[in-house]
Structures are given as structure tokens and as C-alpha cells.
Amino acid sequence: MSYTTQEMMAIAAARVLTNEDVCFVGIGAPSQACNLARLTHAPGITLIYESGTIGTKPDLLPLSIGDPELCTRARCTVSVPEMFQYWLQGGRISVGFLGGAQLDKFANINSSVVGSYARPKVRLPGGGGAPEIAAHCRQTYVVMAQSRRSFVDRVDFVTSFGYGEGGDHRERIGLRSLGPTLVITDLCMMRPDPTSRELSVVALHPGVTREQVQAHTGWAVRFAPDLTTTEPPTEHELIVLRDLLARTAQAHGSASA
Amino acid sequence: MSYTTQEMMAIAAARVLTNEDVCFVGIGAPSQACNLARLTHAPGITLIYESGTIGTKPDLLPLSIGDPELCTRARCTVSVPEMFQYWLQGGRISVGFLGGAQLDKFANINSSVVGSYARPKVRLPGGGGAPEIAAHCRQTYVVMAQSRRSFVDRVDFVTSFGYGEGGDHRERIGLRSLGPTLVITDLCMMRPDPTSRELSVVALHPGVTREQVQAHTGWAVRFAPDLTTTEPPTEHELIVLRDLLARTAQAHGSASA
Amino acid sequence: MPRFLPLTTAVAASVQDGMTVAMEGFTHLIPFAAGHEIIRQGRRDLTLMRMTPDLIYDQLIGMGCVRKLIFSWGGNPGVGSLHRLRDAVEHGWPRPIELEEHSHAAMANAYHAGAAGLPCAIFKGYYGSDLVGNNPNIRFVTCPFSGEPLAAVPALRPDLAIVHAQRADHEGNVLIEGIVGVQKEVVLAARQALVTVEEVVDDLSAPSPNSCILPHWTVTTIAVVPGGAYPSYAHGYYGRDNAFYTAWDSISRERAPFQAWMEQHVLGAAPS
Amino acid sequence: MPRFLPLTTAVAASVQDGMTVAMEGFTHLIPFAAGHEIIRQGRRDLTLMRMTPDLIYDQLIGMGCVRKLIFSWGGNPGVGSLHRLRDAVEHGWPRPIELEEHSHAAMANAYHAGAAGLPCAIFKGYYGSDLVGNNPNIRFVTCPFSGEPLAAVPALRPDLAIVHAQRADHEGNVLIEGIVGVQKEVVLAARQALVTVEEVVDDLSAPSPNSCILPHWTVTTIAVVPGGAYPSYAHGYYGRDNAFYTAWDSISRERAPFQAWMEQHVLGAAPS
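Protein chains in written order, with our numbering: chain A, 1 to 257; chain B, 1 to 257; chain C, 1 to 272; chain D, 1 to 272.
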């Protein structure tokens, strides 16, 4: 079966999730990945949305972080202060998802402004839950389509801290969580170097070349010595994902998922 | 109808409560007074117990602060952290009740130890909610039977701060609430002097003399210039109170209310 | 006990120019009808706070009601930007807007602190974020036991909270169910609270002793506004109009179509 | 997913000498059966925390299991003193006990902070109270915005939380209803959690989306113990035995009758 790079990205993200994970799910690609994992190899995975819904099993993807579907199909729904206090800050989340307008080579993320903060060229939506998701989940996965505009040498603004300026910067500011251990794009998978913490490509999606990755990245890309190739999507993965997206589009009255 | 001094105390305490009051109710005399008020002249009064029950209308007096009766007959029940954070500290309570083993002339209360803290002669139950009830209710009423042992010149230990050493001591430590504006005993009613904040007797219960009050008080008692006499209990007040106590004793299998 | 008023009177009696107002509801129960009435009454110079400004604040901002916005995520959920917010920030249209930007954790904690009568909230947050230097209301304290630095933000204490809820009883007790967001916190943090409800019933029928209830003595004003959260939703009453949220992107992208839409659907509409 | 074990095994696998254990339940749902099993297994040198020690801690103290007690109100509710606690404090019998004393507000905030992963809690409290000088774990911080002094206490993070709940499902999700106290907080604040339940059911039947639920991945061990909260109570299952609470005053007043009662009703009783 043929597939798009977007589908590859969602499926690659789904695969790294397990039955035991407790995921803090964002809207968009993370929501696709988490629910795909739940509907395929990880039926026991726990999904949490920051609106307060814990252990939710939506039949279709929510458009917003607080769609009715999330609450009616949740194990329970708690207040938003409780969500951020007991569940996120309390260290109960194993995997958080992040994305944004810009990512740099130390996996810092900008979702606030393009240009200066005081006089922005583009005012982006902002961090929302991200600054503390980046801090308190045992680890975070970044899911972002890759381009020279979005994968930049240095972000204009650090909304969510990754590895800062690299090395032990994360530990030095008091963070004990692992940080962004994995970046999943439409072209490849990247992981931080254990020492420098600079992102390096560990797997290329099928058919993608090193040159293509470099062409879509705003810094000189490092590739792991044991670089591998991502397994292509299986038919089952594609069918489940497409069914999910079709159900969602029909329900929302648009192709907005 | 004849009545006991304990009945006079409960009835006098009930009378100062209004339909608009939101009361943080303790067990024992305050619970009697609040529920008597609710069953007589203040049916709209809101009763809150620190176990989390808000707007409760028990048919009989609870033995403990968290009897089943309190929850099943409450408007809602919140967690104990929420009770102390949003409702008490949040300034939502108009009247709190206090009592203890010792009270001094500036209405400081000891419910911790008799003797030294490190090597107490008597280890009392302790403050529970009282230190913050004393701080955060708009005003507090103290309900205590009077004796030389309990009404002392200086408490052994300040569990709950009243007016400290008098004057503006309360304001100086940052408290904005009114403090213990009324002490209701089995013999009389006392209020703090507006300037010195020393308690002074404002009303004697029927048949009680100044000499009796002094004989039951461990400091040189002041009497207000406009000293009055408490109205004796009405037949209706006594019947309602006795019915409540009888129902309670029967339900608890003892006369423990 | 709260006063029961028609929406028009309720808003006129509650909202004045220059006030600090929080209209909350985390995706769920957003008080759209009350927001539209504020626009119709032409209020100005409001300081608005809300974790997720959503379409209702985009409309208030685009109609020139807002001087300052305190927020933590300003987008159209699952769709993209709030174009009227962006136009105000990027081009000062229809008037410049001052931003005070936080994270969700900060605002949730700040409402919690407001409800709890605290002057500030402390939490573990803002690690390495550039928001720190750009918002003077993000500071740090040291834990007196561990020595650890902890982020601090001032408590949020709006002049007025406006929320939508499922129902009230005749005494004015209010039930909120489903995604409860920061609804209880904002009502308890505010000096006054205006609640719009789907209906008034004889018995609240709270399903659990632990249901989320606002006792009548915490609510200032109640207005009965069926559908008052549309196009957001009211759990147990009606669903979210996701198609409208998607359509808002093109309605709001340019100034003229936005103004035409507002003229037709808000200014020209009879109040609920 | 939690392990389901019989009470004896559950306690043996969870409680070791010297641990810090919180058995909570604010009047309601006090885990008496688990406490009795700890006594039968002869655990020693425990540090126990609990807002209201109640009869179960009086029994544990009187049986010599306890080295230190962290508490905020140590009485028999509505009845009087806890005589075994007093005997330990006043006369060191059967062994001396160390006390760390707080107010309810402090402990409730400290559990909240523990659940929230904070090193300490701040609150407005302890104004002018002599507890301040006598408990080094009561300190003060200054609000970085208002300059106001705020009380601070360290978060409570027990090694083990033990609570009783109405029911669990087969996956190990737990429902708690009624007076929920600090049950959720203590479970989330603790490194491990042992929950005794009235029953295990196919469907939790939570009455509201906002019901108080402990998801299975927050619970370490579940033991099914019908009546496990007696003589306290389980809302919806059985009532509080107020007559027994009153009777405890005379049972516990002197050492010999207390020991005889424990011998007969706890040590000699088959575990639930």
C-alpha cells in the first residue's frame, strides 16, 4: 500500500508507545499517534488530555483538546488545576508530546512568536501546557513535519526547554526528567546525542535520503553511525489510521483532523 | 420551663446566628448551637463541617466531624484540601466556632497541652482546624463552659490566636479578620473591648451574678457599663433543642452528643 | 442568594468599562451568549483573562472591547490562529492590545491561588523558558526546606467571573459537570460571579455527593440562557459545533468579512 | 495494574519495620482491617502520619508499633482523648513516641503538595500559634509580589499510603465517594499505595464523569476486605458505629483492659 509522509510520521510515532505508557496527548499529530497505538498494538495505553480527561478512549479524534467525546469516553475527568498539579507536575505521566513552529538542534521549541517577542512578525498561539509538559513528563516525544523554516539552528524564542545549549544544561537548571528523547518527523527519527545532546538522525523513513533530510533542516545534520531505516507502514496500520481519520472528518464536518 | 446552664449556653449561641451566615461548625456545643439556629429562626443558614460537607442539614447531631449523616444531607461534599484552601482560607466563611481546654482574657485558646509542650502533664487532642479557623473566618465565636481551670489569665500554649497580647496585636501579625468577637459561656456573654481587646462581660445569663462569673474566671473580670441580662430560653427553643439531643442520643446508642 | 436576571440586564448590571473580567470554560461551557451581550453593550477597555481565549475573545478583541489580555494559549483549537487576536497584536487593529502571557500550569495555579485566598501560587514550572524574562509576573521563590527554586505567579482575582453551567435550582445553586476546567476556581477567585445556565430546575439532581456545585452564596447573578455556550458545548445538553470552529478561520481572517459576520450574527441579533 | 492479594499477604508485602506509612480517611473509610493486620504482623518503628489518628492509631500506638506520629488532631471524635496516645506521650508506654504536630490546614496542604510533586506547601496559617516555635517543619516564605509572609510546611511523601475505598473493578481502578478527605492526595503523594475495598465489580458504575477515581496505574496493591473500614464507615455500604467509638473510651482508658480487648478482637481474630 502506498502512503504519505504524514502517515509515516503518525505511524512511526504510534509504534514507540506501549501498553504501559501514560501519555499527555496534544491535538493533531500526537492525538493521531496515540489513538493509533491504542487501536493497534497498545490497547492498554492510558491517554490523558490537558482538559482533565484521564484514560479516555475516543472513537474519533477530537478537534479540540476538550471535545465532548474525550469526557464521555474517559475513565474520569478532573479539574484543570488538578490536572496540572497532581497528574503532570506530580510526575504521573510517562510520555508527553510536543510540537511547535520552530525546533532547534537541542530540541528547544518555539510556539510563541516569529521575530521579536515585543514586536512579533507572527504571533503564534503560545505555549499552553508545553513549558511544563517539557519539564515533568518522564520523557517527551516531538512530532513535527520537517522544513528549513521549522527546523532552525536557534529558535527565536524558547517556549519549551529541550536541552538548552546542550550538555548538562537540563540538569543544571534542576530538571530531573529525560527531556525530548525522540523527534519524529515526516522524513526521519532523531535522538539527542548522549553527551552533547545535539539531535542526530537515527533512522530514515523508507526512501528518504540523507540529502533530503539536510535540505529540510536549518543546521548541519549529524547522522548516527548505526543509522537504520524505518519499517514502512503495514497495511493494518494504514487501514486503522485512515478509518480513524475518515470517521473524524465525517463527524467534524470537515477534514480538520 | 426550667433549663440547665448548658442549655442556656447552646441557646444563647444559636441566637446570634443568622440566615445569611456561613458557619464552620465544630463538634459539640457549636454543632448544637448551629443546628438549633437552623431548626428555629435561621432555616437558611449554611453549615459547613471541616470533613468537606457544605450546606448540610443533619437530622441529628453528628458524633464526629464526618458522620454519614453530614454527607448524605449536604448540598455537596468536597475534599479536605479543597475545604481548607478554597472555603476556609478563601474567606468564604462568616462565622467560625472555637473552644478548647483553656481560654485567656485576650481570647487566645489552648487545645494542645497542659504544662510544657515538651513534657506535658496532659496531652490534649490538639488544634485540628482551629489555628486557621481563628485566622480566616470573618469572625469567630467561642463557646465554652466557664471555670477557673479553663478561663485562665494566660494560656499555657497558644494553639489558636485570639487577640494575642491585646491592642492591635492581631493586625500587627497580618490578620484582617475580626477575630473572637464573642465568647458564650454557661454563665455569661463576653466581648473584647474595642481598644484593649480584653474580654469584658456584656450580658449575664438569668440568675447569674457578677460574683459567680468572677468565681469561675482566673483573671480580674471586667463588666461592660451597659451590662444586660440574657433573655431566658423560650419554651420553643428548649423543646427543639431537647428533641434534637434526644434523637441524637437514641441514634448514637449513648448520650454522647 | 443570587439575583435572577435576563441576560441583557445581567450583563448591564455586571460589566462596566475598564473592568477585569474572566470568562472561563476549558473548551466546554464557554459563555458565548454573555460575551456577545458584552459586545452589543459596547463595553470598552476591558482586561480579559482566560487560559484559552478561543473564538469568544477573538470576537471581543476584534470588536475593540479589550485593552489587555492575560492568557496561556491563544489559538483556534485544532484549526490554527485567532486572526483577530493576531491582527490586534501584530497591527494594533482595531486598537493595540497589551498581552500578559503565561503557561497553562501557571494560570491554573493562579486561579487556584485566587480561589484559595493566597497572594500568589508556587509551582515547578517555566524551566528555561523565555517567557520568564518577558513577563515580570513570573518570579521565583526558594523552598525553605529543600532550597529548590520554585516558580511563582500572582493569584488571579478578576473583578468579575462569567461562566456557563448546566443548571441552577431556584435557590441559585449551580451544577457543573463534565470538563469542569477552572470554572469553580474562577468563580471563587472573583469578586463577583455571573453564571449563565441552560435551565433552572426544582432539584439540581447532582449525580454524586462529590459533584461540582457552586453554592448559591458564591454566585452574584444568574441568567437563564439555553444554548448559551454555543458553538462550544454543554455536556448532557448539546455538542460542540466543530464545523463552525473550522469555518471561523475564514470568517475571521480578514477584517471586513469579520465585521459583516459580527454585524449580522451578534450586533443585529436579538439577545438570548 | 495493581496486584490483587489477600489482606494478610498484601500487608506482608507492603509494610516493613521502620517505614513511613499514612493510613488516611477523614472519619470515613478508615482502613481498620489493614491496621489490625499490621498489628498482628508485629511491625515496629513505624512513622505514622494521619490528620486525625482516631482509634486505629490509638491501637497501633498502644501495641507498640509506632516510633513517631505526624498528626493534626489526636482525639476520639466527639468522645474525648485517645488514651493510648496520651499514655505514650505522657508516660512513654509501651514505648516513647515522637510527635510532629501540625494544624489540619497544614497537613491537608502538605498532602496536596505531595500529590503535586512539590517539595513544600505554602498557605496562610499558623498566625500567632505556639506550634510555630515547637515544630521546626513550620517555616515562612515571603510572597514575591505582595511581600506577605506565608507559612510553609514540607510536602508529605509517605513510603506507603493505605486507604479503604468502596470498590474496584477487575483492572484495579478504584472508586471513592462521599467524604473523600485526603484519600486521593495521600495515594498520589505516596511511593506505593495499598487499597482495601468493599468489593470488586465488573463495572465501577461511577455516578458522574467527575467522580473521585484512582486509575489502576496509581495503585500498587488491592485487597478485598468487606467491612474493612468498621467501626468507621463506608458510604453506601454501612454506617459508623458511634456506640463503639463511645465505648472505646472505657476500653482504652487503662492498659490491661486495652490489652485484653486487643488480644481478643485483633490478635486472636482471624484476618479478614
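All residues carry an ideal CB built from backbone N, CA and C; glycine is no exception.
Note that the structure is predicted; figures quoted are calculated from it, not measured.
Selected residue, minimal CA-CA separation from residue i, among the options
i      : options                        : result
D:D54  : D:G42, D:E199, D:S103, D:P31   : D:P31
A:S112 : C:D130, C:M19, C:G25, C:T27    : C:D130
B:A260 : B:G99, B:E237, B:S200, B:D156  : The requested residue 260 of chain B is not part of the displayed model; chain B covers only 1 to 257.
A:G66  : A:S31, A:T185, A:A145          : A:S31
B:M83  : C:V15, C:E185, C:A152, C:P207  : C:E185
D:G78  : D:A270, D:D241, D:M262, D:G268 : D:D241
B:G100 : B:G126, B:G52, B:N19, B:Q250   : B:G126
A:V201 : A:F161, A:M189, A:A246         : A:M189
C:M49  : C:H36, C:G147, C:A190, C:E90   : C:A190
B:E7   : B:A145, B:P131, B:G218         : B:A145
Sequence-distant residues of its chain with Cβ nearer than 6 Å to residue i (five each side left out)
i      : result
D:S72  : M51, H102, S103, H104, M107
D:K68  : T47, E98
A:G96  : F24, I133, C137, T140
A:T5   : D186
C:G18  : D45
A:K57  : R73
C:A115 : E185, L188, A189
Cβ-Cβ separation, residue j to residue i (assumed contact under 8 Å), whole Å
i      : j      : result
C:L5   : C:T221 : 6 Å
C:P144 : D:A152 : 5 Å
D:R40  : D:L267 : 6 Å
C:V66  : C:I162 : The Cβ separation is near 14 Å, so there is no contact.
C:Q264 : C:G25  : 25 Å between Cβ atoms; not a contact.
B:I109 : B:T159 : 6 Å
Spatial distance of residue i from residue j (CA atoms)
i      : j      : result
A:S177 : D:R255 : 51 Å
A:Q89  : D:L118 : 8 Å
C:P154 : C:Y111 : 9 Å
C:F258 : C:R44  : 19 Å
C:I61  : C:A88  : 7 Å
D:W248 : B:R191 : 38 Å
C:G128 : A:F106 : 13 Å
B:S147 : C:R167 : 52 Å
B:E211 : C:D203 : 55 Å
A:A255 : C:S232 : Bear in mind that a pLDDT of 42 at A:A255, under 50, signals an unreliable position, so the number given afterwards is only what the model happens to contain. Those two C-alpha atoms are separated by around 19 Å.
C:W217 : A:D168 : 53 Å
C:L29  : B:H216 : 59 Å
A:P180 : A:G162 : 6 Å
A:R149 : C:W261 : 34 Å
A:T53  : C:W93  : 37 Å
Same chain, Cβ closer than 7 Å to residue i, five either side skipped, listed in chain order
i      : result
B:R123 : V113
A:S196 : G166, G167
B:A37  : A14, L17, I45
Residue range of the alpha helix (DSSP H) that includes residue i
i      : result
C:E90  : 83-91
A:P194 : Run containing A:P194: none; DSSP gives neither H nor E here.
D:C212 : Where D:C212 is concerned, there is no enclosing alpha helix (DSSP H), although the beta strand (DSSP E) it sits in stretches over 212-214.
C:G114 : 104-115
A:A14  : 5-15
C:I39  : 32-40
B:I173 : Careful: B:I173 lies outside any alpha helix (DSSP H) and carries neither H nor E.
D:I138 : Counting along the chain, D:I138 falls outside any alpha helix (DSSP H), and DSSP gives it neither H nor E.
A:R210 : 210-215
Terminal residues of the beta strand (DSSP E) in which residue i lies
i      : result
D:A294 : Nothing in the structure corresponds to residue 294 of chain D, since chain D is present only between 1 and 272.
A:F24  : 22-25
B:G115 : 113-115
B:C34  : Note, B:C34: premise wrong, no beta strand (DSSP E); alpha helix (DSSP H) at 29-39.
C:A223 : 221-224
D:E98  : 98-101
B:D243 : Per DSSP, B:D243 belongs to no beta strand (DSSP E); it is in the alpha helix (DSSP H), 235-252.
8 Å Cβ shell around residue i - same chain, five flanking residues per side excluded
i      : result
C:P207 : E177
B:V16  : Y141, L182, I184
B:A59  : One point to set straight first is that residue 59 of chain B is Asp, not Ala, in the sequence displayed. Taken in chain order, the residues that qualify are E69, R73, R247.
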